[in-house]
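Asker: Sharing a structure with you now.
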Amino acid sequence: MVRRDYLVKKIGWSFLTIAFVLVLNFFLFRILPGDPTTSIAKDPRLTAEAREALARRFGLDKPVFLNLEGGNPFDSQFFIYFGRLFRGDLGTSFNFNRPVADLLGERLWNTVILVMGGQVLAIVLGSTLGLLAAWKSKTGFDAAAITFSLAAWSLPTFWLGILLLIIGSTYLGLPTAGRETVGVEFTSWWAQALDLGKHLLLPTLTFTIVLLGEYMLIMRSSVLEILSEDYILTAKAKGMSHFQILRHHALQNAMLPIVTLIALNLGFTVSGAIQVETVFSWPGLGSMIFEAVRRQDYPVLQGAFLLVAVSVILANLAADLVYGALDPRVKAP
Amino acid sequence: MGVADPQPPLLEVRHLSTHYVTDEGVFRAVDDLSFRVMKGESMGLVGESGCGKTTAMLSLLRLLPAAGRIVSGEVLLEGRDLMALDEAEMRALRWDRLSMIFQGAMNALNPVRSVGDQIGEALVIHGLAPGLGAAAPRVGELLEMVGIPRSREAHFPHQYSGGMRQRAMIAMALACSPQVVIADEPTTALDVMIQAQILELLERLQRELGLAVILVTHDLSVVAELCHSVLVMYGGALAEYSNVDRIFNDPRHPYTRLLLSAFPDLSRPEGKLISIPGHPPRLNDLPPGCRFAPRCPQAFDRCRLESPSPRLVEPGHWVACHLYEEAALDAAG
Amino acid sequence: MRALTRNRLGVVGSVMLALAILTAVMAPWIAPYDPEASTEVSIEDIYARPTAAHWLGTDDGGKDVFSAFIYGSRVSLIVGFAASLISMIIGGIVGLVAGFYGGRLGNLLMRLTDIFLVIPDLPLMIVIVAIVGPSLWNIILVIGLLGWTGTARIVRAQALSLRERQFVTRARAIGAGNLHILRRHILPLVLPLMVANTVLVISLSILSESTLSFLGLGDPTTLSWGGMLNFAFTRGAISAGAWWALVAPGLGIVWVVLSCTLVGNTLEEAFNPRLQSHHLQGEEKMVVRPAQAQAAER
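Protein chains in written order, with numbering that gives the first Met the number 0: chain A, 0 to 332; chain B, 0 to 332; chain C, 0 to 297.
This is the structure in structure tokens:
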């Protein structure tokens, strides 16, 4: 059983961070110069009444933090914002005139499919490559693996996407946009899955390549350190073969930093998702952010940012808990 | 150790030389080392830090770091030369016939696996148990043999105290009932009480199991208590080699004599403690003659020009010193 | 400096970086056309293939891609270096204070660092730039203000370990004040680590700027490589088959980022030297026959 205070500390900390993000979100969209709500309301092309109506609609007529004008002190922008949040109300989209929460919900699953596939592949391939490179350290294989990983890490995600898009559509006839071919009736479940797969291939590949490099490098340095530890010499002295040593002694220890890395990488993953979805017009949260920026649909932008940030924080927490369960030094001191 | 033993030696090392090839030149860590260990006998390997003791032992098991090269010599275990084996044969032999308790054994256990599993693993690898589960009873036996309660089998190394870990390492070294056990500084970094316990344990086990033990240490008092024969090393080469009585009561080599006088002796509490002036030689930059000549109070011209090889000064007593050449000619007869 | 030349990759990276900086500085002299100048353009000039007149063809506006590429290096490099400078300063200060002074303030700073580490970078950058407007300054500030966390962590770890070392205790014993110790003893040992880290931060900053520009949040008055890609992508370069407009700016980004990564990696290896070998190496060479031994020693 994971240590009690480790659990409490990690969970408490995550909630604090989420609270920080929520407050940050509020400030960004209400306080920063050029923030949407006030700028719209101050638009000189509107009549005074229209401006007042808009101000009331966005709650701008209320004081920012505390309402000291008698009545309910919590009738301020700050508390209304939080109240709405807790009810799951993320506002209404300017462009679609639909609740932001609904829009996000529709797109969330698409992003998850994309991200999961890429992450899993990158972790598996990257870790394997890193393990082999460390084992065969200082050989040609190692040098090649390092160079490849550094190069992969240096590629801008969106550019790699564009390259793959050009190559894939020109030479392999793969689709260039969207999640499924529009206007086609699918004869079977299999045909539909195949179509989804074709659309998913290039974006996932882009994702995998970009993440691969980092996992490989981290796994490699982690395994190198492990293979220099005393207990590896003990294992060798016991008469174990390289394969046995890697499998029974190196692997588990090496996975621990990988778990930490997965957590740290989540921000990078989100950034990758935004770029990949934009390039491939994949209808997920990432492209939604891009479109929201283009169309100045601030409620959507705000809601998406919130959702993404909170997801990353929670995923980090999950990774911490998994780590706690894996490392016996934390599990049972 | 008798003159002409009817029994062949269990372990015989002949003219072993090991070098380290590094950027700073070739370190001649072990130079022309020869000795033999009989069944049930314990040999003490004594010398200052850095004199090549550990390297010599690692050479026996072929566990040197990547820069190590065994450039000459034979290591005969029951007549079979270990240097002539291929890696697979060597692996089968390691731990099964010849095991080692490493220096700093405290860190030689994998922190993320239980102690019981690591001991059991040795059994599984050498076919003495079909799996870790089946190995558990024998592991329990081994732990109790070294004074660790069976119930702690599933605990992790960090849950053991330093002395317990050392004892666990001893249990692990004995798992496959080897014929020879090398104990490299088994009591360094342990407090005096624990030291005494460990030594007592080693002695008891040796008696009960009939093991041949090579005890590497820089502590002469331990040697006096436990060992049948003593090999004194200096600068990577043999200085003196005989049974324990002769070494302590009739030391010939100047280095051995100085070593003995540097140690407190309870029988002569008023005797002066002498420290040996100077530093040990740099093994990549050895002087042309005898290695000890720069620090030797009895060095003469020949010592600085020619390096003395070990010669038999009386039955069962080897010394590598020019002072005794003539005596050797007389005694060898 | 010596550390760089030791490793072949480090040399390659340094040369690449030097070339890039040179290009940016010498832009007005290297570029065949002035991207600011307006020209008469006809239909054939749009997305024209590479020719002797236009080495990298033309873009959606009929302008020379090669010239835009040369000038584009300026924006990317300026933003990269400026933002990293900000990050390095903030990260350095936070790390030093947290590591050296420690205490409540140190803890608070590290908590803050952890929070910023967790929050995903790009979405936050997008949100801020979208709100305050995409001017060059804003972009530099945003990237700089969000990129200090890695540096802070490393500096803090180093300062923390140095604080306990002998020479600090000795300095205090003879009455040296904190500031003096920081300046004379700690800083010289922290600086090399920071430099190695900053190079990597530069590569991250350049990637951030390119991404923001690609997503349409670049400074509209300048044209960075990311911006070039934004135009190409949104104005049909793919369907026009104008690979030159898409490949070139991307290669520019990769060139600079890769050079920084190589240099940064090499520097890091130099300051954190890895052990020479591990336990599973060198078996084939271990047992040597006499003839081989002599050859090896020669």
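The beta carbon of each residue, even a glycine, is placed where N, CA and C say it ideally should be.
When the cut-off is 8 Å and only beta carbons count, does residue 267/C lie next to chain B?
Answerer: With 8 Å as the cut-off, residue 267/C does not count as an interface residue toward chain B.
Asker: Applying a beta-carbon distance threshold of less than 8 Å, which residues of chain C neighbour residue 63/B?
Answerer: Within chain C, the residues near residue 63/B are 281, 285.
Asker: Compute the Euclidean distance between the alpha carbons of residue 240/C and residue 159/A, then round it to the nearest angstrom.
Answerer: The straight-line gap from Cα to Cα measures roughly 17 Å.
Asker: Using only the alpha-carbon positions, how far apart do residue 290/A and residue 203/C sit?
Answerer: Residue 290/A and residue 203/C: Cα-Cα distance of roughly 24 Å.
Asker: Which ranges does the alpha helix (DSSP H) cover as unbroken runs of at least 4 residues, wholly within the region 53 to 135 of chain B, from first to last along the chain?
Answerer: The qualifying runs are 86 to 92, 114 to 124.
Asker: Under 8 Å: do the region 157 to 173 of chain B and the region 97 to 114 of chain B share three or more Cβ pairs, one atom per stretch?
Answerer: At 8 Å Cβ cutoff, the stretches touch.
Asker: Taking the beta strand (DSSP E) that residue 13/B falls in, what are its first and last residues?
Answerer: Here the beta strand (DSSP E) through residue 13/B covers 10 to 21.
Asker: Measure the alpha-carbon distance for residue 51/C versus residue 57/C and round it to whole angstroms.
Answerer: The alpha-carbon atoms of residue 51/C and residue 57/C are separated by roughly 12 Å.
Asker: How about residue 276/C: is its C-beta nearer than 8 Å to some C-beta of chain B?
Answerer: So yes, residue 276/C belongs to the interface.
Asker: Residues in the region 290 to 321 of chain B with C-beta within 7 Å of chain A's C-beta atoms, listed in sequence order?
Answerer: So nothing in the stretch comes that close.
Asker: Buried or exposed for residue 183/B, going by 16 or more other Cβ atoms inside 10 Å?
Answerer: That one is buried.
Asker: For a contact meaning CB atoms closer than 8 Å, what does residue 134/A contact in chain C?
Answerer: Residues of chain C passing the Cβ test: 279.
Asker: Which residues of the region 165 to 189 of chain A have a Cβ closer than 9 Å to any Cβ of chain C? Give them in chain order.
Answerer: So the list reads 165, 168, 169, 175, given in the order they occur along the chain.
Asker: Cα-Cα, which of 271/A, 140/A, 126/A, 166/A is closest to residue 211/A?
Answerer: Ranking the options by Cα distance to residue 211/A, first place goes to 126/A.
Asker: Does residue 41/B come out as helix, strand or coil in the three-state DSSP assignment?
Answerer: The answer is strand: DSSP assigns residue 41/B an E or B state.
Asker: Less than 8 Å between the CB atoms is what I'm expecting for residue 78/C and residue 16/A, so what's the real figure, rounded?
Answerer: In fact, because the Cβ distance is near 29 Å, the residues do not count as touching under 8 Å.
Asker: For the candidate residues 276/A, 7/A, 149/A, whose alpha-carbon lies nearest to that of residue 204/A?
Answerer: Among 276/A, 7/A, 149/A, the Cα nearest to that of residue 204/A is on 276/A.
Asker: Would you say residue 70/B reaches chain C, if we count a Cβ-Cβ gap shorter than 8 Å as a contact?
Answerer: Cβ-Cβ to chain C under 8 Å: yes for residue 70/B.
Asker: Using a beta-carbon distance cut-off of less than 8 Å, what residues from the region 202 to 234 of chain A approach chain B?
Answerer: Answer in chain order: 228, 229, 230, 232, 233, 234.
Asker: Are the region 299 to 308 of chain A and the region 9 to 29 of chain A in contact at 8 Å, needing three or more beta carbon pairs?
Answerer: Short answer: they touch.
Asker: Determine, using beta carbons only, whether residue 67/B comes closer than 8 Å to chain C.
Answerer: Yes, because at least one Cβ of chain C sits closer than 8 Å to the Cβ of residue 67/B.
Asker: Against chain C, does residue 229/B count as a neighbour if the rule is that its beta carbon must be under 8 Å from one of theirs?
Answerer: No, its Cβ sits nowhere closer than 8 Å to a Cβ of chain C.
Asker: Helix, strand or coil, according to DSSP, for residue 318/A in the structure here?
Answerer: Residue 318/A falls in the helix class under three-state DSSP.
Asker: Suppose contacts are defined by Cβ-Cβ distances below 8 Å. Is residue 242/B in contact with residue 228/B by that definition?
Answerer: Contact flag set, yes.
Asker: Could you tell me if residue 230/A is buried or exposed, where buried requires 16 or more neighbouring beta carbons within 10 angstroms of its beta carbon?
Answerer: By the neighbour-count rule (16 or more Cβ atoms within 10 Å), residue 230/A is buried.
Asker: Going by DSSP, what residue range makes up the beta strand (DSSP E) through residue 247/B?
Answerer: Where residue 247/B is concerned, there is no enclosing beta strand (DSSP E), although the alpha helix (DSSP H) it sits in stretches over 243 to 248.
Asker: Which chain C residues sit within Cβ distance under 8 Å of residue 241/A?
Answerer: In chain order: 279.
Asker: Is it buried or exposed, residue 283/C, if we count other Cβ atoms within 10 angstroms and call 16 or more buried?
Answerer: Residue 283/C is exposed by the Cβ-count criterion.
Asker: If you measure from the beta carbon of residue 319/A to each beta carbon in chain B, is any gap under 8 Å?
Answerer: Chain B contact via Cβ: absent.
Asker: Going by DSSP in three states, residue 286/C sits in which element: helix, strand or coil?
Answerer: Residue state, collapsed to three classes: strand.
Asker: Can you tell me which of 270/C, 285/C, 157/C, 146/C puts its alpha carbon nearest to the alpha carbon of residue 85/C?
Answerer: The residue with the shortest Cα to Cα distance from residue 85/C is 146/C.
Asker: How would you write the range of the alpha helix (DSSP H) that residue 12/A sits in, first residue to last?
Answerer: 3 to 29 is the span of the alpha helix (DSSP H), which, as asked, contains residue 12/A.
Asker: CA-CA distance, residue 192/C and residue 279/C?
Answerer: C-alpha separation (whole angstroms): 30 Å.
Asker: Could you confirm whether any beta carbon from chain A is found closer than 8 Å to the beta carbon of residue 133/C?
Answerer: So, not an interface residue.
Asker: Per DSSP, residue 57/C forms a beta bridge with which residues?
Answerer: DSSP, once it has assigned bridges, lists 63/C as partnering residue 57/C.
Asker: Anyone know if the C-beta pair for residue 297/B and residue 257/B falls short of 8 Å?
Answerer: Against a cut-off of 8 Å, the Cβ pair of residue 257/B and residue 297/B comes out as no contact.
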